[in-house]
Each structure stands twice: as C-alpha cells, then as structure tokens.
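The block underneath contains the structure these notes are about, expressed in structure tokens.
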Amino acid sequence: MRICTVHTHSTLCDGKNTLAEMARAAFAAGAVTFGASGHSHTDIPWDQGNVLPEDPSAYRAEVLRLREEYRGRMEVLPGIEQDSQSSQPVPDWAAYWIGSVHNLYDPRTGQYHCVDWDADHVAACLREMFGGDALAMVRGYFADVAAMARRRPTILGHMDLIVKLNRDGRFFDEADPAYRAAALEALHAADPDATLLEINTGAMARGYRDTPYPALFLLREWRAMGGRVILTADVHSAAGIVHAYDQAAELARAAGFREHTLLTSRGPMPDFL
Numbered sequence: 033m034r035i036c037t038v039h040t041h042s043t044l045c046d047g048k049n050t051l052a053e054m055a056r057a058a059f060a061a062g063a064v065t066f067g068a069s070g071h072s073h074t075d076i077p078w079d080q081g082n083v084l085p086e087d088p089s090a091y092r093a094e095v096l097r098l099r100e101e102y103r104g105r106m107e108v109l110p111g112i113e114q115d116s117q118s119s120q121p122v123p124d125w126a127a128y129w130i131g132s133v134h135n136l137y138d139p140r141t142g143q144y145h146c147v148d149w150d151a152d153h154v155a156a157c158l159r160e161m162f163g164g165d166a167l168a169m170v171r172g173y174f175a176d177v178a179a180m181a182r183r184r185p186t187i188l189g190h191m192d193l194i195v196k197l198n199r200d201g202r203f204f205d206e207a208d209p210a211y212r213a214a215a216l217e218a219l220h221a222a223d224p225d226a227t228l229l230e231i232n233t234g235a236m237a238r239g240y241r242d243t244p245y246p247a248l249f250l251l252r253e254w255r256a257m258g259g260r261v262i263l264t265a266d267v268h269s270a271a272g273i274v275h276a277y278d279q280a281a282e283l284a285r286a287a288g289f290r291e292h293t294l295l296t297s298r299g300p301m302p303d304f305l
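So for the sequence shown, the working numbering puts the first residue at 33; every next one is plus one.
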C-alpha cells in the first residue's frame, strides 16, 4: 500500500516541528506526497498562535521551497485546513483544502465555543450555547459540518470531531439514533464526486481516542454513496507523520473499501488498501 500524508501541522500553526522536519519525516516514511495544511487564520482568542498568521506568505514560500527540494523524490503540495469560522477565503494558491469545523458561533452572545480544545470548553459550549441540551449541541455541530460539506472541500476533515472528548459517553450517547441521524444528515450534504472523506488518526496519536474518525457507520454510508476515502494522521509532530495508518486501513476495509486515495499534483489517485 502506497501512502500520502496531507493533513499536517507545523510550528507555523499549532505543530511541534518545522515544515522542513515534517517533510523529512514524510519522505523517510515512504510517502509519495507530503501536503502542508496549516490552520487557516481566525480571530478566535484561543486560536491566536495556533493558526496561520493573517498573511500566510511565509508559509506558502516555505512549502514551495520544499516542493523544489523534493522534486523527483516526493511530491510536496501547498494546502490549507480551512476552518468554518475563518473570515478569509480559501487561497487560490492552495492545491487542495481540508474543510473542518472546530468552533461553533453563538449569534446571541457573539461568543465562540471550541468542540475539541478540552472537556471544559465542550462543557461550556453545552451549558452556555445549548442550555445543557446535548442533542441540540450535536445537531448544531453537524449543521455546521453540513454547511462546510456543501462547499465541496477537497477533503472533509474529521467530520465527527465532536466525539473527540466524549470518551465513555461523557456528553452524549454516540449510539443514540438521534445522534446518528444528525451525523448522517451532515454526511449526505457532501458530494462524493468532489470530496474525499478522511480516515483521521490524529486523536489516537494524542491519546484521546482508540479508533480513527469517522465512525464505522459513517464510513459504510459513504461507501454506499460512492464516496472515496483518504488516510490522514492530522499530525502535529514529525514522530506521528503516518500514525496508525494500519488501523485506518483496517477500518476502511471493515467499511467495505478496497481502495484508498492518494492526493497528488495530478489529482486524487486510487491505490489498493
């Protein structure tokens, strides 16, 4: 199985290693493509220092430098992880973009609530934005995922990220038919001809989860829709550049997939799992 790693973060946003170190790790791991996907700029307070600066020109320049350094040995693609709350458009220089929801916005108070920062942030979101109604929070989150999916990103990022801090059903029941209905409705907003669904191991690398995103029921539905999947590590350090790809591939096969997708300069390319 050939691999690529295109959901990556560096010291230019919230990662622990430089882009050069990340690219070197990708090459050492045998990746055919390394993609840089720094977090798009937002003005949310806790995002400061954890997202790309308002002017991402230094980020772009470094990715293009690395593209030349690895030319003929590994493809390097300039990309971005576009946050649903970013006021900036997807840059025209991005070879691909990952559409993700990390924050919900409460128009009544003008406050943002992060669904993956820590349990206290999720608890505050549940209490302050949704009056303690966990199902309302789930529906609010997946409504934003659906809106992002309708924008037809190259990759739909960790679509059920809301479960990251929900170990042992701390906030809601992931087996509840109402929860699953909300998640499936968001999935159905995605265009399987335009968008790849990532099987993302990032929360595993950081000790939050034992399995990748998304849940098996979502992957099975995506396959029934004719969709394609891509393995990603959502990696924030060079050590985890292709973390748990074997488990991600196993989950894909359990959902009925026999191929995964490699992102290249020529577009998405199928490869056997």
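Ideal placement from N, C-alpha and C gives every residue a C-beta, glycine not left out. Just so you know, these numbers come straight off a predicted model, no measurement behind them.
Would you give the residue range spanned by the alpha helix (DSSP H) that residue i belongs to?
{"i": "Leu251", "result": "Leu248 to Ala256"}
{"i": "His153", "result": "Ala151 to Ala156"}
So what's residue i in DSSP terms, helix, strand or just coil?
{"i": "Ala168", "result": "helix"}
{"i": "Pro209", "result": "helix"}
{"i": "His268", "result": "coil"}
{"i": "Phe174", "result": "helix"}
{"i": "Cys45", "result": "coil"}
{"i": "Leu216", "result": "helix"}
{"i": "Tyr91", "result": "helix"}
{"i": "Ile76", "result": "coil"}
{"i": "Leu197", "result": "coil"}
{"i": "Ala126", "result": "coil"}
{"i": "Arg260", "result": "strand"}
{"i": "Glu291", "result": "strand"}
{"i": "Ile245", "result": "Residue identity check: residue 245 is Tyr in the sequence provided, not Ile. Of the three classes helix, strand and coil, the one that applies to Tyr245 here is strand, per DSSP."}
{"i": "Tyr277", "result": "helix"}
{"i": "Ala55", "result": "helix"}
{"i": "Leu305", "result": "coil"}
{"i": "Arg136", "result": "Per the sequence presented here, residue 136 reads as Leu, with Arg not at that position. The answer is strand: DSSP assigns Leu136 an E or B state."}
{"i": "Leu84", "result": "coil"}
Nearest to residue i by CA position, among the options, is which residue?
{"i": "Val341", "options": "Phe59, Asp225 and Leu193", "result": "Because the chain here runs from 33 to 305, residue 341 falls outside it and cannot be looked at."}
{"i": "Asn198", "options": "Ala90, Tyr211, Val64 and Arg99", "result": "Tyr211"}
{"i": "Gly67", "options": "Ile187, Leu136 and Gln120", "result": "Ile187"}
{"i": "Ala280", "options": "Asp303, Phe249, Pro244 and Met236", "result": "Pro244"}
{"i": "Val64", "options": "Met180, Glu94, Arg238 and Arg103", "result": "Arg103"}
{"i": "His220", "options": "Val177, Ser42 and Cys45", "result": "Val177"}
{"i": "Ala61", "options": "Ile35, Ser42 and Met236", "result": "Ile35"}
{"i": "Val108", "options": "Gln117, Thr37, Cys45 and Gly288", "result": "Thr37"}
{"i": "Arg285", "options": "Val274, Asp148, Gly189 and Phe249", "result": "Phe249"}
{"i": "Leu96", "options": "Arg159, Ala127, Asp75 and Gln143", "result": "Ala127"}
{"i": "Met257", "options": "Gly111, Asp278, Leu228 and Tyr173", "result": "Leu228"}
{"i": "Glu206", "options": "Arg171, Arg182, Ala179 and Met180", "result": "Arg171"}
{"i": "Gly81", "options": "Gln114, Gln143 and Leu44", "result": "Leu44"}
{"i": "Ser118", "options": "Glu100, Pro110 and Ile76", "result": "Ile76"}
{"i": "Ile231", "options": "Trp149, Asp208 and Glu282", "result": "Glu282"}
{"i": "Asp165", "options": "Phe204, Gly189 and Leu193", "result": "Phe204"}
Taking the beta strand (DSSP E) that residue i belongs to, which residues open and close that run?
{"i": "Val108", "result": "Glu107 to Asp115"}
{"i": "Glu230", "result": "Leu228 to Asn232"}
{"i": "His71", "result": "Thr65 to His71"}
{"i": "Gln120", "result": "Where Gln120 is concerned, there is no enclosing beta strand (DSSP E), given that its DSSP letter is neither H nor E."}
{"i": "Tyr144", "result": "Gln143 to Cys146"}
Would you please verify whether the beta carbon of residue i is less than 9 Å from any beta carbon of chain C?
{"i": "Ile187", "result": "In the structure shown, chain C cannot be found, because there is only a single protein chain."}
Our contact map puts residue i next to residue j with C-beta atoms below 8 Å; I'd like the distance itself, whole angstroms only.
{"i": "Trp78", "j": "Cys146", "result": "6 Å"}
{"i": "Ala265", "j": "Gly299", "result": "Ala265 to Gly299, Cβ: 21 Å. No contact."}
{"i": "Arg184", "j": "Asp223", "result": "5 Å"}
{"i": "Tyr41", "j": "His71", "result": "The residue asked about is misnamed: residue 41 is His in this sequence, not Tyr. 7 Å between Cβ atoms; contact."}
{"i": "Asp303", "j": "Leu294", "result": "5 Å"}
{"i": "Pro246", "j": "Met191", "result": "5 Å"}
{"i": "Met236", "j": "Ala276", "result": "5 Å"}
- Is it true that the region 266-285 meets the region 48-58, where meeting means three or more beta-carbon pairs spaced less than 8 Å apart? Cβ pair count under 8 Å is three or more, so yes.
- Kindly confirm or deny that the region 249-265 and the region 213-232 touch, where touching means at least three C-beta pairs closer than 8 Å. A contact exists between the region 249-265 and the region 213-232.
- Is the region 83-91 in contact with the region 132-145, if contact means three or more CB pairs nearer than 8 Å? No: the two stretches stay apart, fewer than three of their Cβ pairs being nearer than 8 Å.
- If you pair each beta-carbon of the region 92-112 with each one of the region 153-172, do three or more pairs fall below 8 Å? The region 92-112 is not in contact with the region 153-172.
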